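Residue numbers (my numbering): 1083 to 1415.
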Amino acid sequence: MSPIEEVIISKKSNINPIWIMRQAGRYLPEFRDIRKKNPDFIKLCLNKKLSSEITLQPIKRFDFDAAIIFSDILMLPYGLDQSVEFKKNLGPILGNLELEKILRIEETDFVEKLSPVYESIELVRNSQLTKNKATIGFVGAPWTLLVYMINKKSPKLSLNSNFFENKYLIDKVLKILDKFLKIHIKNQINSGAQIIQIFDSWAGLLKEKDLSYYVYDPTLSLVNYIKTLRIPVICFPRGIRNYKNYCETIKPDTICIDYEVDPVKISKEIKIPVQGGMDPKVLLSSKENIKKQTMKYLDIFKDHPYIFNLGHGVLPETDLNMMDYLVKTVKDY
Ligand code: CP3
1083 MSPIEEVIIS
1093 KKSNINPIWI
1103 MRQAGRYLPE
1113 FRDIRKKNPD
1123 FIKLCLNKKL
1133 SSEITLQPIK
1143 RFDFDAAIIF
1153 SDILMLPYGL
1163 DQSVEFKKNL
1173 GPILGNLELE
1183 KILRIEETDF
1193 VEKLSPVYES
1203 IELVRNSQLT
1213 KNKATIGFVG
1223 APWTLLVYMI
1233 NKKSPKLSLN
1243 SNFFENKYLI
1253 DKVLKILDKF
1263 LKIHIKNQIN
1273 SGAQIIQIFD
1283 SWAGLLKEKD
1293 LSYYVYDPTL
1303 SLVNYIKTLR
1313 IPVICFPRGI
1323 RNYKNYCETI
1333 KPDTICIDYE
1343 VDPVKISKEI
1353 KIPVQGGMDP
1363 KVLLSSKENI
1373 KKQTMKYLDI
1383 FKDHPYIFNL
1393 GHGVLPETDL
1403 NMMDYLVKTV
1413 KDY
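Set out below in structure tokens:
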């Protein structure tokens, strides 16, 4: 069993494995080199040779304990024939959501479209570099995908005021997402993913009263499905205010926390293994501060099953020496 699985499954608290969200990304010069030659991001995700190579880049450089597949949560709307484009400095831009078209998508067409993602997972899992490491597959949570599919761009701080207007559309899209997310999860697991992480990056946009319908019910459906496949699931409901309530409702195998929550409160309130928390901006400061902040998290979770990670993705401007220093600090603890 890999160290990350020992924390999640065996609840070990005397080891602190580390991986980093967005570890395969723009802070790596070797990623930027490949990216420069591949301006179409979706095509790059669908190039199994390059996407598996990118997945392994941070493993080679930092010896992280997990490989997270280089892909994107927006490959799902792409698989459903909604166009997705990544424009420089704008983030993702999606095409119109055509319900009639999406309702006609067949499982076989969807799987065929995304098959390079699954083949890439196989390549990563079979690589010597991931021998004692966890291979992590992932999906966006239904709510976060709904946000991108209807808003057609990042909601940044708020949603369009008419976002919730078409309840019929929302209900249909959530049902379609439930079906195809399960298909996407199953195929990742069959290709070698040993853990699934569910990213709910926009959970924090909702009012408490709307959480059941948009976050709890649809996420619980996925989590229960993943449990039937006997694979651990990590949930990351970024910005949610009540992590305790979330954990009691969803019962994930591990909870990934964002950088705005108080880790001391989490360590007292939550019994399941915890992942993440430290602000990615800490890596833009000094070695002294990195050490201080990293030790803070490791000390707080000293007697708790804990996987070191950040409280959101690593920032593109992060210095490699600082990442090196972080990994060393965690491994020497
Ligand atoms: O973590 C990893 O290293 C694995 C790959 C991965 C990517 N995206 C690659 C990527 C994962 C797990 C994601 C998840 C993802 N994608 C989320 C959830 C996590 C989060 O950040 O909140 C979301 C919301 C997306 C959607 C998305 N993809 C956005 C908003 C953007 C543009 C803004 C940005 O941060 O770059 C992307 C592009 C993207 N996905 C890049 C990478 C490496 C950058 C592509 C580039 O321009 O080179």
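Glycine included, every Cβ here is placed at the ideal spot set by N, Cα and C.
These figures come from a predicted structure and were not determined experimentally.
Query, Result
"Pull up the CB-CB distance for Asp1163 and Lys1183, whole angstroms please, since I reckon it's below 8 Å.", "6 Å"
"In three-state terms, what does DSSP make of Met1360?", "strand"
"Can you round the beta-carbon distance between Ser1236 and Pro1174 to whole angstroms, since I take them to be within the 8 Å contact cut?", "7 Å"
"Please tell me whether, using a cut-off of 7 Å, the distance from the CB of Ala1106 to the nearest non-hydrogen atom of the ligand CP3 is below it.", "yes"
"Return the residue from the list Lys1130, Leu1304, Trp1101 that minimises the CA-CA distance to Asp1260.", "Leu1304"
"Taking only runs of the alpha helix (DSSP H) that begin and end inside the segment 1336-1397, which ones reach a length of at least 4 residues, in chain order?", "1345-1351, 1369-1382"
"Contact check, Phe1113 vs Ile1141 under 8 Å by CB: the rounded distance?", "Not confirmed; about 13 Å, so no contact."
"Take Leu1228 as the anchor and find which of Asn1171, Ser1367, Leu1263 has the nearest alpha-carbon.", "Leu1263"
"So what does Thr1217 bridge to, in DSSP terms?", "Ala1149"
"Could you check whether Leu1126 and Asn1120 sit closer than 8 Å to each other, using their CB atoms as the reference points?", "yes"
"Taking only runs that begin and end inside the segment 1214-1285, name each unbroken beta strand (DSSP E) of 3 or more residues, in chain order.", "1216-1222, 1277-1281"
"Do Phe1318 and Phe1281 have their beta-carbon atoms positioned less than 8 Å apart in this structure?", "yes"
"With DSSP as the reference, identify every bridge partner of Pro1319, one or two as the case may be.", "Partner(s): none; Pro1319 has no beta bridge."
"Would you identify the three-state DSSP class for Lys1169, choosing helix, strand or coil?", "strand"
"On a CA-only basis, which of Ile1265, Pro1224, Ala1149 is nearest Gln1210? Give me that one, please.", "Ala1149"
"Quick check: the Cα distance between Ser1165 and Asp1253, rounded to an integer number of angstroms?", "21 Å"
"Using DSSP's beta-bridge definition, name the partner residues of Pro1174.", "Phe1168"
"When DSSP labels each residue in this structure, what does Ile1155 get in the three-state scheme?", "coil"
"If you run the structure through DSSP and keep just helix, strand and coil, what is Ile1100?", "strand"
"Within this structure, are the beta carbons of Tyr1328 and Gly1359 separated by less than 8 Å?", "no"
"Does the segment 1367-1378 come into contact with the segment 1396-1415, if we say contact requires no fewer than three beta-carbon pairs (one atom in each stretch) closer than 8 Å?", "yes"
"CB Leu1176 to CB Tyr1230, shorter than 8 Å?", "yes"
"Between Pro1174 and the ligand CP3, is the CB less than 7 Å from at least one heavy atom?", "yes"
"Could you check if Leu1156 belongs to the surroundings of the ligand CP3, using beta carbon to heavy atom distance under 7 Å?", "yes"
"Distance, Cα to Cα, Glu1351 vs Ile1271?", "31 Å"
"Does the Cβ-Cβ distance between Ile1265 and Ile1278 come in under 8 Å?", "no"
"Using 10 angstroms around the beta-carbon of Asp1418, count the other beta-carbons present and answer buried if the total reaches 16, otherwise exposed.", "This structure cannot speak to residue 1418, because the chain is shown only from 1083 to 1415."
"Shorter than 7 Å, the distance from the beta carbon of Phe1168 to the closest heavy atom of the ligand CP3, or not?", "yes"
"Alpha helix (DSSP H) containing Val1297: first to last residue?", "No alpha helix (DSSP H) contains Val1297, which DSSP labels as neither H nor E."
"In whole angstroms, give me the CA-to-CA distance for Asn1269 and Tyr1200.", "7 Å"
"May I ask whether a heavy atom of the ligand CP3 can be found less than 7 Å away from the beta carbon of Ser1209?", "no"
"Should Asp1147 and Ser1092 be called a contact, given that it needs their Cβ atoms to be closer than 8 Å?", "no"
"Candidates Phe1220, Tyr1307, Asn1233, Tyr1325: which alpha carbon is nearest Ile1316's?", "Phe1220"
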